[in-house]
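Numbering (the working numbering), first residue to last: 0 to 264.
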């Protein structure tokens, strides 16, 4: 999908998906993280806040004057990095404790190692990987499967999609057919199912769940390419079928590839 780059500064790249939808990308980091700003008539939703290496509010302030709510796909460091710049933060109920008391299963040394390696763009002077600490704080509210979030002329439906983490969610923009899949589905690099807090069975079930959503026009994962064809959901269905039939969900190891979709157990 071709998206118009409208801001390309030292750290962030902002791509315009349509008049009310923007990808805020951190291409200077090896994870190529994307956060997404969705603008309604009454308020805007920011899906994740990135790595926290630089302040994402610098970008959102240039894109909208509306109040912003933050919708957290999951509580991993590369998705909550700028949460401290916003007041209205929402997270799935299964990860409220992670947001308040800290991410489970990943130690701070590993997080700091991951956040600071393979950086290819200049970082702000305020970034110090040795003192980096993921955001912790109490959310303004909790999300549950089936919740509908109204932005004013634009609705988002919450899908609980555990596996990569217990409270992982996907968000479906029903007005445009945009499906935001977080770390459940993206291209180029493997979808990981082997972290200490990852459940491979749940992850495959969640891939099955999103593959059955109707009227999807475009898929937006949180890493790598911005915008995937809805045919990726058909690929996900085939992957689920194969993994279940061969009992690879519980007993498979390594990377399993299905027409570009790579799942690593």
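In this text, a Cβ means the ideal position worked out from N, Cα and C, and glycines have one as well.
Look at the beta carbons and you see the segment 151 to 169 not touching the segment 105 to 120: under three pairs across the two are nearer than 8 Å. Excluding its 5 nearest sequence neighbours in each direction, residue 208 has C-beta neighbours in its own chain below 7 Å: 158, 160, listed in chain order. Straight-line measurement puts the Cα of residue 191 at about 9 Å from the Cα of residue 254. The criterion of a C-beta distance shorter than 7 Å is not satisfied by residue 50 and residue 69.
Residue 26 is positioned such that its CB atom lies no closer than 7 Å to that of residue 36. Proximity to residue 91 across 104, 85, 10, 75 peaks at 75, based on C-alpha coordinates.
Between residue 196 and residue 165 the beta-carbon gap is near 7 Å, inside 8 Å, which marks them as a contact. Where residue 263 is concerned, the enclosing beta strand (DSSP E) starts and stops at 260 to 263. With fewer than 16 neighbouring CB atoms inside 10 Å of its own CB, residue 18 falls in the exposed class.
By the beta-carbon neighbour count (other beta carbons within 10 angstroms, threshold 16), residue 130 is exposed. Judged by DSSP in its simplified three-state form, residue 115 adopts helix. If you check the CB distance, residue 184 and residue 205 do not come in under 7 Å. When C-alpha distances from residue 47 are compared across 41, 65, 23, 38, the shortest belongs to 23.
Here residue 214 is exposed. Its C-beta has fewer than 16 other C-beta atoms within 10 Å. By the 16-neighbour rule on beta-carbons within 10 angstroms, residue 138 is buried. 7 Å or more divides the Cβ of residue 162 from the Cβ of residue 72. In this structure, 179 is the residue among 40, 52, 179 with its C-alpha nearest to the C-alpha of residue 221.
For residue 56, the closest of 29, 89, 99, 10 by C-alpha to C-alpha distance is 10. The distance from the Cβ of residue 133 to that of residue 102 is about 6 Å, consistent with a contact at the 8 Å cut-off. Excluding five sequence positions before and after residue 5, the CB atoms of its chain that fall closer than 6 Å to its own CB belong to 13, 15, given in chain order.
With a cutoff of 7 Å on beta-carbon distance, residue 200 and residue 242 are scored as not near each other.
The three-state reading of DSSP puts residue 160 in coil, since its state is none of H, G, I, E or B. Under the three-state reduction of DSSP output, residue 20 falls in the strand class. At the C-beta level, residue 94 and residue 141 stay beyond 7 Å of one another.
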